[in-house]
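Notes follow the structure.
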Amino acid sequence: ETAQSAASDGETAINGVSEAAKLQAAKNDADAALVDAAQNAILTINGDTSLTGQQKVDLIDQVNNELEEGKANINNATTPETAQSAASDGETAINGVSDAAKLQAAKNDAVKQLDQARNNTIEQIKNSGLSAGRQQALINEVNAAHDEAVQKVNADTTIPAVNQDVADGLAAISQVQITMTGESDQLHAAQDAVNNVLAEATQNAIDAINDNDSLTAAEKTDLINKVNAAADQAKANIHNATTPEAAQSAESAGETAINGVSEAAKLQAAKNDAVKQLNQACDNVVEQIKHSGLSAERQQVLINEVKTTYDTAINKINADTTIPAVNQDAADSLAAINQIKLTVTHEVAKLDIAKDAAINKLNEAAQNAITVIKNNSSLKENQKTQLIAQINEIVSRTKHNINSATTSEEINNAEMNGEQDISAIISSAKLQAAKNDAISKLETAKQQAILHIQDSKLSDSQKNKLIAQINTVYDGAISKITLENNVSDVAQETLNGLNRIKAVVVEFEGEIKQLSINNDVASDDFDYAIDDELQNANNNEIKQAKTAILPNTNVGNSTTNLELLTESLELLALVSLTIIEGGKNKNHIMKK
Numbered sequence: 005e006t007a008q009s010a011a012s013d014g015e016t017a018i019n020g021v022s023e024a025a026k027l028q029a030a031k032n033d034a035d036a037a038l039v040d041a042a043q044n045a046i047l048t049i050n051g052d053t054s055l056t057g058q059q060k061v062d063l064i065d066q067v068n069n070e071l072e073e074g075k076a077n078i079n080n081a082t083t084p085e086t087a088q089s090a091a092s093d094g095e096t097a098i099n100g101v102s103d104a105a106k107l108q109a110a111k112n113d114a115v116k117q118l119d120q121a122r123n124n125t126i127e128q129i130k131n132s133g134l135s136a137g138r139q140q141a142l143i144n145e146v147n148a149a150h151d152e153a154v155q156k157v158n159a160d161t162t163i164p165a166v167n168q169d170v171a172d173g174l175a176a177i178s179q180v181q182i183t184m185t186g187e188s189d190q191l192h193a194a195q196d197a198v199n200n201v202l203a204e205a206t207q208n209a210i211d212a213i214n215d216n217d218s219l220t221a222a223e224k225t226d227l228i229n230k231v232n233a234a235a236d237q238a239k240a241n242i243h244n245a246t247t248p249e250a251a252q253s254a255e256s257a258g259e260t261a262i263n264g265v266s267e268a269a270k271l272q273a274a275k276n277d278a279v280k281q282l283n284q285a286c287d288n289v290v291e292q293i294k295h296s297g298l299s300a301e302r303q304q305v306l307i308n309e310v311k312t313t314y315d316t317a318i319n320k321i322n323a324d325t326t327i328p329a330v331n332q333d334a335a336d337s338l339a340a341i342n343q344i345k346l347t348v349t350h351e352v353a354k355l356d357i358a359k360d361a362a363i364n365k366l367n368e369a370a371q372n373a374i375t376v377i378k379n380n381s382s383l384k385e386n387q388k389t390q391l392i393a394q395i396n397e398i399v400s401r402t403k404h405n406i407n408s409a410t411t412s413e414e415i416n417n418a419e420m421n422g423e424q425d426i427s428a429i430i431s432s433a434k435l436q437a438a439k440n441d442a443i444s445k446l447e448t449a450k451q452q453a454i455l456h457i458q459d460s461k462l463s464d465s466q467k468n469k470l471i472a473q474i475n476t477v478y479d480g481a482i483s484k485i486t487l488e489n490n491v492s493d494v495a496q497e498t499l500n501g502l503n504r505i506k507a508v509v510v511e512f513e514g515e516i517k518q519l520s521i522n523n524d525v526a527s528d529d530f531d532y533a534i535d536d537e538l539q540n541a542n543n544n545e546i547k548q549a550k551t552a553i554l555p556n557t558n559v560g561n562s563t564t565n566l567e568l569l570t571e572s573l574e575l576l577a578l579v580s581l582t583i584i585e586g587g588k589n590k591n592h593i594m595k596k
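Residue numbering for the sequence shown is 5 to 596, as defined by my numbering.
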């Protein structure tokens with residue numbers, strides 16, 4: 005029994021291996037059949053010239069997907085029968101892709117035919133000589149027939165349906181072609197006639213706009229565009245007309261629209277002319293104001309008035325809808341701006357009068373000052389030249405300030421400042437004259453004293469000592485006088501200098517007397533000729549004291565200054581008399 009059982013088990017195992025071999029063989033056969041079907045389908049798809057490259061890629065992808073799915077099903081089969089069934093299902097799916105490829109190719113061919121028919125018909129329409137509007141209408145019909153047929157073809161699921169829909173589409177496109185050919189000659193002639201009338205009206209309107217110099221280039225462009233737009237609309241309506249009456253009506257409406265643009269152009273030109281006049285008037289008045297010489301504040305007030313008037317006028321003109329209204333608003337505004345101009349002219353004239361008066365007053369003050377300086381004999385010529393140059397510079401500067409003034413107050417202040425500066429120069433001139441006179445007096449006193457010291461019988465050392473003292477006194481007095489800033493101080497320093505010279509002279513007199521006593525000898529050099537010379541010098545000093553005029557000393561009104569002047573001259577005379585007296589004493593001793 006055991007042996008029999010073992011044999012039975014072995015036989016069963018062998019049978020199992022045999023069945024597995026049969027199943028694997030069936031799977032291999034099924035795979036081979038499926039691969040052959042896929043390869044054949046792919047070859048067919050690649051060879052179909054009606055398919056696009058992308059369509060071929062997509063279809064081949066579908067075939068490969070079906071192949072892979074069939075292989076998977078075959079591999080999962082458990083019996084030769086199920087393996088064969090999986091292969092059969094895979095082949096059916098691949099055949100379905102092949103049929104879809106054929107259908108797509110048929111659709112592509114159909115669309116290609118429809119596209120060709122449409123393009124040919126449209127080309128005929130464009131070369132038909134019909135109006136652009138009518139051409140577009142026919143083209144739209146062709147496109148509509150084409151698009152409808154293509155839509156149907158794309159929706160078809162069988163090749164016969166595709167063929168039928170493409171035939172219908174081609175017939176519809178052909179009908180449009182027949183309609184185009186059969187257009188009424190009468191309608192065409194009417195359209196041509198009204199188009200000619202419209203074209204003439206359009207050109208006349210454009211010429212009028214181009215010839216209108218009051219319009220800007222941009223406005224002309226805009227208006228011409230509007231004319232063309234109206235004309236284009238009329239042309240479109242004419243081309244779309246189905247009767248001669250409709251074409252005529254469309255042309256009439258187009259002319260009305262074009263005339264409306266022409267009227268708008270005339271109105272705009274009138275506005276431009278008005279604005280141009282206002283701009284010119286505004287610019288002229290503003291320019292007049294800016295060069296008026298009025299104050300910045302007053303200028304701004306007037307400019308603001310002009311701008312306000314201008315802005316109001318511009319707003320009105322821009323809002324006007326008729327040419328008479330534009331002209332009236334422009335006239336009113338020009339009158340208002342002109343009134344401001346008159347105000348400016350009046351104020352400028354008033355300011356100019358004030359400037360002229362101030363300059364005349366300044367010139368008079370300057371001329372008087374120059375005359376005083378020229379007539380001042382105490383001033384040197386180069387000093388007069390410098391002082392007069394300073395006055396002329398003040399006059400020039402002050403005139404500039406006066407002419408730059410923007411108000412009467414500024415004019416008066418500028419003129420007063422100029423006069424004050426001139427007065428300061430006069431005071432400087434008087435001070436310099438006083439210094440010149442003082443230096444001259446001291447120089448005379450010094451020279452007379454030194455001369456007589458040199459002519460005396462004193463020793464050289466005594467002479468040099470006295471002369472050095474006189475020079476030191478002189479130099480000190482000159483230094484102080486040079487630094488003084490008013491005439492009275494100059495007179496005082498002059499007096500001080502003369503007093504110091506007098507002191508040296510007194511010392512000299514004492515030494516002369518001592519020398520005379522010691523020697524008991526008379527000096528032949530101190531004769532009466534020197535006495536006469538010194539007396540004459542003294543008389544001249546006294547005479548000058550009576551007639552001298554020192555600028556800015558006000559000697560006629562100042563007792564102190566008069567006394568200083570008189571004392572200075574008397575002191576100078578005293579120096580001379582002292583020397584004379586010394587000479588007489590020597591002479592007297594000699595006579596004894």
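C-beta atoms are modelled at their ideal positions from N, C-alpha and C, and glycine is treated no differently. A quick note: this is a predicted structure, and the numbers were derived from the prediction, not measured.
_For L63, which residues in the same chain have their Cβ closer than 8 Å to its Cβ, ignoring the five residues on either side in sequence?_
I49, L55, V101, A104, A105 and Q108
_Residue burial classification, I126 (beta-carbon count within 10 angstroms, cutoff 16)_ = buried
_Which complete beta strand (DSSP E) runs does the region 56-112 hold, if anything under 3 residues is left out?_
none
_the region 40-47 touching the region 87-98, judged by at least three CB pairs closer than 8 Å_ = yes
*Through-space distance from V348 to S296, alpha-carbon basis*: 7 Å
*Determine the DSSP secondary structure at L134, reduced to helix, strand or coil.*
coil
*In terms of residue numbering, what span does the alpha helix (DSSP H) encompassing N416 cover?*
S412 to Q458
*asked:* I need the boundaries of the alpha helix (DSSP H) containing L487, first residue and last residue.
replied: D464 to L487
*Buried or exposed: K75, going by 16 or more other Cβ atoms within 10 Å of its Cβ?*
buried
*Counting along the chain, where does the alpha helix (DSSP H) carrying K359 start and finish?*
I327 to N379
*If you check the beta carbons only, do I505 and I474 fall under 7 Å apart?*
yes
*Mind checking A24: buried by the 16 CB within 10 Å criterion, or exposed?*
exposed
*asked:* Are the CB atoms of K275 and V310 within a distance shorter than 7 Å?
replied: no
*For the region 323-340 and the region 384-393, state whether three or more C-beta atom pairs, one from each stretch, are separated by less than 8 Å.*
no
*Would you kindly work out how many angstroms separate the C-alpha atoms of R122 and M184, rounded to a whole number?*
14 Å
*Unbroken alpha helix (DSSP H) run spanning L227, endpoints*: A221 to N244
_Considering only the alpha carbon of each residue, which of D459, Y314, A250 and S382 lies closest to A339?_
Y314
*Given N558, which residues of its chain have a CB within under 6 Å of its CB, disregarding the five upstream and five downstream residues?*
Low local confidence applies: a pLDDT of 36 at N558 is under 50, so the model's placement there is unreliable, and no value is given.
_Suppose you measure from the CA of S412 to the CA of A428; what does that come to, to the nearest Å?_
24 Å
*alpha helix (DSSP H) containing K461: first to last residue?*
K461 -> no alpha helix (DSSP H), and no H or E assigned at all.
*According to the neighbour-count rule (16 or more other Cβ atoms, all chains shown, within 10 Å of its Cβ), is Q181 buried or exposed?*
buried
_Classify L306: buried if its beta carbon has 16 or more other beta carbons within 10 angstroms, exposed otherwise._
buried
*asked:* Tell me which residues share the same chain as V67 and place their Cβ nearer than 6 Å to its Cβ, disregarding the 5 neighbours each side in the sequence.
replied: A42, A45, I46, I98 and V101
*Less than 7 Å separating the beta-carbons of Q252 and V289?*
no
*Would you decide whether D287 is buried or exposed? Buried here means 16 or more other CB atoms lie within 10 Å of its CB.*
exposed
*H404, enclosing alpha helix (DSSP H) - first and last residue*: E385 to S408
*Taking Cβ to Cβ, would you say A438 is nearer than 7 Å to V491?*
yes
*Sub-7 Å separation of A472 and G501 beta-carbons*: no
*Just confirm the distance between the C-beta atoms of A269 and L227, as a whole number of angstroms; I'd bet it's less than 8 Å.*
5 Å
*asked:* So for S9, helix, strand or coil by DSSP?
replied: helix
*Quick one: grab the DSSP three-state call for N543.*
With a pLDDT of only 42 at N543, under the threshold of 50, the placement of this residue in the model should not be trusted; the figure read from the coordinates follows. Helix.
*Residues near I177 in its chain [Cβ-Cβ closer than 7 Å; skip 5 each side]*: A121, R122, T125, V146, A149 and H150
*Helix, strand or coil at L298 according to DSSP, with G and I counted as helix*: coil
_Measuring only the C-alpha atoms, how far is E70 from T82?_
20 Å
_T185 - containing alpha helix (DSSP H), residue span_ = I163 to T185
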